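Residue numbers (the numbering used here): 374 to 529. C-beta: ideal position from N, C-alpha, C; glycine also. As the structure is a computational prediction, the values presented were derived from the model and not from experiment. Worksheet: one structure, shown below.
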């Protein structure tokens, strides 16, 4: 069994749109799943970022993509979750919807994800400073920018 060594991970949850058919909702879910976990997906792009390189206090930074969240969920989402000391982890929600993702070009989708991630890393840097964690955010952000600059649509 492969041991996870990446410092960055991804998850997603999708709220089904009642204005779409079941097949259309499943298509959106499958598309986003592939966007993250396909061979050329975000998760594979992030793999080179090994947690040992950035310190000992942070083992997982989880980008939690909330796809088409319902208004109730939007009201209760934090910009960034609390650091979980016991797990050495933090969750970072990113809202994905028609306006910022699905109704845009493929290039704009990639740019939205890249920009959102880097903006959230700035929030994470504040948490790291406030909690006095040993995570080298300057190096992590530099390496992440490099990895994301190389991640692009196959058609580009």
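Check, Outcome
"Excluding the 5 residues flanking residue 504 on each side, which residues of the same chain have their C-beta closer than 6 Å to its C-beta?", "456"
"Whose C-beta lies closer than 6 Å to the C-beta of residue 524 among residues of the same chain, with five residues either side of it excluded?", "418"
"What's the C-alpha gap between residue 383 and residue 444?", "22 Å"
"Which parts of the segment 476-522 are runs of the alpha helix (DSSP H), unbroken and 4 residues or longer, counting only runs that do not cross its ends?", "479-504"
"For a quick check, are the C-beta atoms of residue 499 and residue 428 less than 8 Å apart?", "no"
"According to DSSP, is residue 416 part of a helix, a strand, or is it coil?", "helix"
"Give the single residue among 432, 467, 439 whose Cα lies nearest to the Cα of residue 459.", "432"
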